[in-house]
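For the sequence shown, the working numbering assigns the number -10 to the initial residue and increments by one for each residue that follows. All C-beta atoms in this analysis are idealised placements derived from N, C-alpha and C, irrespective of residue type, glycine included. Take a look at the structure set out below.
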Amino acid sequence: MFLLDSVVGFSASDLTEAASCEFAAARKLDGLLRHDKHTTPTDKMMDRTAELGLAHEKRVLAQLREGDGGGVAPSFVEIEFPRVWTYDELLSKHAQTVAALNAGTDIVYQGTFFDGTFYGRADFLVRLEDGYQVVDTKLARSTKIPALLQIAAYADQLIKAGLSTSKQIRLIRGDGTSDFHDIAEIRAVYLDRRRRFEEMIADRHLATSEIEWNSAEYVACGSCDICAVEVLAHDDLRRVAKMTMAQRRKLMACGIRTMHELASRQDIDAKIPERTLKTLQAQALLQCRNLTGDTGTDVLYDVFNPAVLAELPPPDAGDIYFDFEGDPLWAENDSPVWGLEYLFGVVERIEGLPEAEVGEFKPFWAHTRAEEKRALQDFLAYVEARRARYPNMHIYHYAPYETTALKRLSLRHGTGEDSVDNLLRQGVFVDLYGVVRSSLRVSQPSYSIKKLEPLYMGDELRNEDGVTNAADSIVGYHEYCEMRDGGDTVGALTRLSEIGDYNFYDCKSTLKLHRWLLERAADAGIASTFDPSKSDISAIEATSETTETTELAEALLSAAGEGKRSDINQAIAMAGAALGYHAREDKPVWWAHYARLIQPPDEWMDERGSLVADRGAEIHEDWNVPKGARTQKRIVKLTGTRAPGSNLAVADDMYALYDNPVEPMKVGANGGRGWIGAKITQIEPGTDGIDVVYIQESVGKDADPFDTLPMAVTPGAPLPTTSQRAAIRALAQQVSEVMPDLPAQPAIDILARRPPRLRGDASLPAVAESPDGYITAITDAVKLLDNSYLAVQGPPGTGKTYVGSRVIATLVAQGWKIGVVAQSHAAVENVLEAVVSAGVPASQIAKKIKGTKPVPWQQPDKAPEWAKFIHLQQGGWVMGGTAWDLTSEKKIPPGTLDLLVIDEAGQYSLANTLAVSRATQRLLLLGDPAQLPQVSQGIHPEPVDLSALGWLADGQRVLPDRYGYFLETSWRMHPALCTSVSDLSYDGKLSSEHSASDRKLEGVRPGVQIKSVLHEGNSVVSSEEAAKVLRQVQLLLGRDWTSALGAPPRPLEESDFLVVAPYNAQVACIKKVLSEAKYPHIPVGTVDKFQGQEAPVVIVSMTASAADDVPRGIDFLLSRNRLNVAISRGQWSAIIIASPGLTDFLPTTPAGLGELGAFLTLCRSARGGTDGEAT
-10 MFLLDSVVGF SASDLTEAAS CEFAAARKLD GLLRHDKHTT PTDKMMDRTA ELGLAHEKRV
50 LAQLREGDGG GVAPSFVEIE FPRVWTYDEL LSKHAQTVAA LNAGTDIVYQ GTFFDGTFYG
110 RADFLVRLED GYQVVDTKLA RSTKIPALLQ IAAYADQLIK AGLSTSKQIR LIRGDGTSDF
170 HDIAEIRAVY LDRRRRFEEM IADRHLATSE IEWNSAEYVA CGSCDICAVE VLAHDDLRRV
230 AKMTMAQRRK LMACGIRTMH ELASRQDIDA KIPERTLKTL QAQALLQCRN LTGDTGTDVL
290 YDVFNPAVLA ELPPPDAGDI YFDFEGDPLW AENDSPVWGL EYLFGVVERI EGLPEAEVGE
350 FKPFWAHTRA EEKRALQDFL AYVEARRARY PNMHIYHYAP YETTALKRLS LRHGTGEDSV
410 DNLLRQGVFV DLYGVVRSSL RVSQPSYSIK KLEPLYMGDE LRNEDGVTNA ADSIVGYHEY
470 CEMRDGGDTV GALTRLSEIG DYNFYDCKST LKLHRWLLER AADAGIASTF DPSKSDISAI
530 EATSETTETT ELAEALLSAA GEGKRSDINQ AIAMAGAALG YHAREDKPVW WAHYARLIQP
590 PDEWMDERGS LVADRGAEIH EDWNVPKGAR TQKRIVKLTG TRAPGSNLAV ADDMYALYDN
650 PVEPMKVGAN GGRGWIGAKI TQIEPGTDGI DVVYIQESVG KDADPFDTLP MAVTPGAPLP
710 TTSQRAAIRA LAQQVSEVMP DLPAQPAIDI LARRPPRLRG DASLPAVAES PDGYITAITD
770 AVKLLDNSYL AVQGPPGTGK TYVGSRVIAT LVAQGWKIGV VAQSHAAVEN VLEAVVSAGV
830 PASQIAKKIK GTKPVPWQQP DKAPEWAKFI HLQQGGWVMG GTAWDLTSEK KIPPGTLDLL
890 VIDEAGQYSL ANTLAVSRAT QRLLLLGDPA QLPQVSQGIH PEPVDLSALG WLADGQRVLP
950 DRYGYFLETS WRMHPALCTS VSDLSYDGKL SSEHSASDRK LEGVRPGVQI KSVLHEGNSV
1010 VSSEEAAKVL RQVQLLLGRD WTSALGAPPR PLEESDFLVV APYNAQVACI KKVLSEAKYP
1070 HIPVGTVDKF QGQEAPVVIV SMTASAADDV PRGIDFLLSR NRLNVAISRG QWSAIIIASP
1130 GLTDFLPTTP AGLGELGAFL TLCRSARGGT DGEAT
């Protein structure tokens, strides 16, 4: 920021800083406007980096000036740096830049922009066919958000100057590779950040005093240098370790504003569970005692649960101490995979070494993705060799990052999965952070290992020079990369050595913490209770693949090679990766389960599907043998906090967790909690974050019942996928037998992204201009398929199910045997109902129904019943099922079907597509990758978790014509609403059928409307937004709704609304508000409940107040796909209710930046107006 003639000027970096901490930005503005003098300390490292960056820029300049080699050098203009720093001089440089561009100069170097407030200098402005492209150079190998905003700012200046501007911006990295990004959505974020910053400037101009701490005007990050001073000065609750922002808000709402007040006050009514409140008060009291200065020590501690220390394994001569260094924002070229673990550091406990010393430091370095894989393999081989020598050794680390990263790496690289799995389930890893959290209180503001070190490091306590924390390590690694790429070998190696020293210290610190904890156990007279023989790890055994399967996968991946592959080799790699798909999907479920057995509940409350009974557990129905049962069962009532975003449902199979396990419960490795199977029988959702869940538990025939009560209910075991795995294995074997060619098989064609293979080299039939044009074209195309597939993308309201069912009916009439499969029973049954409507006799349709819903078709269940159904058919027939049905060779032998229709193929994984494809000769993919995505829990070495349609679309929002058909006309949405959906998700290629224009809702504008509601601190429930939903309903109910041309108008009814919320807690809140207002019949649910449904008006509650409040991450809430499904339910209008603070953040990845930009663009184009405004 700078001040010229009382005008505040700024750059793109100022906008980025303001997004990080509004309070700090306001303070800096206050100082600037009062002419405070600020000095910026020199940083030799940053100066050196700037030199290397300039050298890179000059190299790119030389390359650009050479041109394309055609003999004519491009025209070139360089804009000199301003001679004097004055308002008029900056405007003059801006004018010179615009003049050079208007003159058609090919390359403008250091183009200078100043529009009166914004100032910036673009590296290059390069003339292309579609306009001037902003080209910037950065040494970093991954794309940083500030760099993109900076380039977007320059593109905005071009647009404002009326210059033709390329739709893409270009970033040239230090390694010479380029990154391209569409400008529109990034510019939307830039414009929003600029608007917010200019509003702040205007406010601070009018302010008469410096912005105060805890001001409601601006959000404080609480951790930057400016905030840290204020936190200390005001004794802010942020000082209390383990304090969450939600807890801070609740305490402040009842008058508790400081740490000392929390420590001293009694009878606090803050709507915080009593146990949690007591823990926070004890923590605050210990920190306050430490501040009195008369304790005689720098750090106080209190061992409040010594029994946890007794669970530590006995020391072993083979123990090692492990620590990662990683950069979450590292990316290799244009890879979508972010993050690099650049150092695996280990310190050994050496037999016979004095206790005061530590053993050898072993670093495993990685600077590329390939080296990361090698480092992982070397580390696991090292551990395996050490365990062979020391069978009772353990790997100690501090905080879950190490095990989380190892799991991620083994799945990402497809190597060492079983090794990591064995180490985890056998309890080899010991997280000392969990031990500390569960047993100790320390008088520090956090429980980072650095804050504990005064307790045990003595004279070796680290100083503040060099690399001293994880953030320093990441910054240092960035600097190492920049110096290495810039040719400064000596400086790079020096920086790398500093990072290694930091990692060595962390490993040594972990070792000494372990010793200190053992000493505390001895001081308390606690004998070790560690007994690995009690652990039950059998449940996770099924996640691993057989040795033969693993070897086949490795052979296929090896044959495919690494790096950029041909389409055939990519298909081979995908087939290899698919072999472990289901195991990799299951592993995170088990890993999370075993982690919950030893972690404090507040460490796993962000995991969906859990409820902690922090408000109590009680017997609802004691042990008995129900009628028709053989074993004893009981029902327990749990009251407590559901993990944010959880989707618990009646009949879900769960695990009940117990703090003090007894027989016949199972127990994990290294002790900890026990568990037993349970089933949810009833749910009473609360609107205040507290829910009641009833679970049924049972014990085996020979087991005794018990009296203890569970502390939580958590996700149960994943469903077995034996038949799917076998089907994939058979198909992968086919691939291995014909390599380097590929078998002629429909799913393999999809993997290779081959266009549909048609008999006689025919082309895909054209769509005729008739009502049945798509039905005829798709039917004809399917009949031409030669052991291949056809893809059909059907956006909302385009009649995908109608078209698909008519294609099926036509082919069944010609004797075809057809299957229908989808991710859910409901989706399959929806298609079958449409097939019945299309005229296929119910006697020729079969599917087993879950539940008691009456259906007209046949319901075979076991294999003999399916065989009988097929045998009795004289012509064509249709069967429906899930992947379990289609991969059961006893029910549907391979090759039985003439055609398999995969409905909702935008949600159906490639791996499952491979599995079910063995049942058929042809595949028809029906769906939309721009709607709800395929849900995956695992990490895979190749993208076999993508949906089949998503893989073919390859990042494009509209399916390329070569793969099939795009249904381009929506019969549902009014053109005003359809345009917003089309721009959001379909590159403007979706249009509205003209009859949709004939609908009308009296006095209401069609299209998207945005209704802002101010609130703060809301996460999964917003009473303010629920009240706004009610207000919208009250304004619209009873208005005349005309559904079609010539149809008589009728009053809008409750059934004419769909209310969509992202979380079940908000669904419950809105239902309660509507019911109390006498509107109980308005449908309210999450977006997945309404897929395929429609109504004149859809109301969407975004619920969360700000990005930091979103439990699953803001990417979930602002997902373009989820928004598309939500607003496209509407026939006339979609009303989005949101907090204005929801978009007040800056994403960390380019993909996140695009999603935010898409939502901002939607908001900007929406027709808001006042409530009830007439058309």
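Which listed residue (Tyr466, Leu912, Pro707, Phe493) has its alpha carbon closest to that of Trp580: When only C-alpha atoms are compared, the closest one is Pro707.
Would you call the segment 1130 to 1145 and the segment 980 to 988 touching, i.e. three or more CB-CB distances under 8 Å? Touching, no, given that fewer than three Cβ pairs across the two stretches are closer than 8 Å.
Under the rule that 16 or more other beta-carbon atoms within 10 Å means buried, what is Cys216, buried or exposed? Sixteen is the threshold: when 16 or more other Cβ atoms of the shown chains lie within 10 Å of the Cβ of Cys216, as they do, the residue is buried.
Is the segment 552 to 559 in contact with the segment 712 to 723, if contact means three or more CB pairs nearer than 8 Å? No: fewer than three Cβ pairs fall under 8 Å.
Checking 8 Å against the spacing of the C-beta atoms, do Gln998 and Ser1122 come in under that value? Yes. Within cutoff.
Taking DSSP as the reference, what is the three-state secondary structure of Asp987? Assigned with DSSP and collapsed to three states, Asp987 falls in helix.
Return the Cβ separation of Lys4 and Leu138 in integer angstroms, given the expectation that the two are a contact with Cβ distance under 8 Å. The identity of residue 4 in the sequence shown is Leu, whereas the question assumes Lys. Contact between Leu4 and Leu138 holds, since their C-beta atoms are separated by about 6 Å, short of 8 Å.
Under 6 Å Cβ to Cβ from Lys26, same chain only, skipping five residues before and after it: list those, please. Confidence at Lys26 is low in this model, with a pLDDT of 47, below 50, so the placement of that residue should be treated as unreliable; the coordinate-derived value is given next. Answer for Lys26: no residue qualifies.
How is the beta strand (DSSP E) around Lys82 delimited, first residue to last? Note, Lys82: premise wrong, no beta strand (DSSP E); alpha helix (DSSP H) at 76 to 91.
Report the residue from Ala1147, Gln896, Pro930, Pro590 whose alpha carbon sits nearest the alpha carbon of Ser599. Answer by Cα proximity: Pro590.
Using alpha carbons as the reference points, say which of Ala142, Met189, Ser198 lies closest to Ile172. Ile172 has its Cα closest to that of Ala142, out of Ala142, Met189, Ser198.
Would DSSP call Ala770 helix, strand or coil? It is helical.
What beta strand (DSSP E) runs, 3 residues minimum, are completely inside the segment 1087 to 1156? Fully enclosed beta strand (DSSP E) runs of 3 or longer: 1119 to 1127.
DSSP three-state label for Trp319, please. Under the three-state reduction of DSSP output, Trp319 falls in the strand class.
For Ala602, which residues of its own chain have a beta-carbon under 7 Å away from its beta-carbon, when the five flanking residues on both sides are left out? Correct list, in chain order: Leu627, Thr628, Gly629, Pro699, Met700, Ala701.
At least three beta-carbon pairs within less than 8 Å, the segment 640 to 647 to the segment 665 to 676: Judged by pairs of C-beta atoms under 8 Å, the segment 640 to 647 touches the segment 665 to 676, as three or more such pairs exist.
Glu574 versus Lys396: straight-line alpha-carbon distance, rounded: In this model, Glu574 and Lys396 are separated by some 12 Å (Cα to Cα).
With the cut-off set at 8 Å, would you say Pro1038 and Asp1045 are in Cβ contact? 8 Å or more divides the Cβ of Pro1038 from the Cβ of Asp1045.
Going by the DSSP bridge assignment, what does Thr909 pair with across the sheet? For Thr909, which the question treats as bridged, DSSP gives the partners Leu886.
Cβ contact (3+ pairs, closer than 8 Å) linking the segment 761 to 776 and the segment 852 to 868: No, the segment 761 to 776 is not in contact with the segment 852 to 868.
Quick check on Gln812: buried or exposed, where buried means 16 or more other Cβ atoms within 10 Å of its Cβ? By the beta-carbon neighbour count (other beta carbons within 10 angstroms, threshold 16), Gln812 is buried.
Among the candidates Val656, Gln415, Ser1128, Gly514, whose CA atom is the shortest distance from the CA of Leu298? Distances from the alpha-carbon of Leu298 to those of Val656, Gln415, Ser1128, Gly514 put Gly514 closest.
Would the beta-carbon of Thr1092 fall within 8 Å of that of Val1010? A contact, by the Cβ cut-off of 8 Å.
Secondary structure at Glu686, three-state DSSP: helix, strand or coil? DSSP places Glu686 in strand when its eight states are reduced to three.
What are the uninterrupted segments assigned as alpha helix (DSSP H) that are 4 or more residues long and contained completely in the segment 399 to 430, given in chain order? Taking 4 residues as the minimum length, the alpha helix (DSSP H) runs contained wholly in the segment 399 to 430 are 406 to 414, 421 to 428, in order along the chain.
Should the segment 774 to 785 be called in touch with the segment 747 to 755, which here means at least 3 C-beta pairs below 8 Å? By the Cβ rule, the segment 774 to 785 counts as touching the segment 747 to 755, because three or more pairs are nearer than 8 Å.
Just to confirm, are Ile737 and Leu731 a CB contact at a threshold of 8 Å? Cβ atoms of Ile737 and Leu731: closer than 8 Å.
Looking at the strands, I want to know which residues DSSP matches up with Met643. Paired residue(s): Ala667, Pro704.
Cα-Cα separation between Lys1000 and His170, rounded to whole angstroms: When rounded, the distance between both Cα atoms is 31 Å.
Kindly list the residues whose CB is nearer than 7 Å to the CB of Leu941, restricted to its own chain and excluding five residues on each side of it in sequence; keep chain order. The beta carbon of Leu941 sits closer than 7 Å to the beta carbons of Ile739, Arg742, Ala780, Leu948, Tyr952 from its chain, once the five residues preceding and following it are set aside; these are given in chain order.
So Pro735 is in the alpha helix (DSSP H); what residue range does that whole segment cover? Per DSSP, Pro735 belongs to the alpha helix (DSSP H) from 735 to 740.
Residue from Arg182, Val49, Ser64 whose Cα sits closest to the Cα of Phe(-1): Checking every option, the nearest Cα to that of Phe(-1) belongs to Arg182.
Do Ser131 and Ala320 come within 8 Å of each other at the CB atom, strictly closer than that value? Yes.
Bounding residues of the alpha helix (DSSP H) (the contiguous stretch that carries Asn819): 814 to 826 is the extent of the alpha helix (DSSP H) around Asn819.
Bridge partners of Phe107, per DSSP? Paired residues: Phe(-1).
What would DSSP say about Ile679, mapped onto helix, strand or coil? Here Ile679 sits in strand by DSSP.
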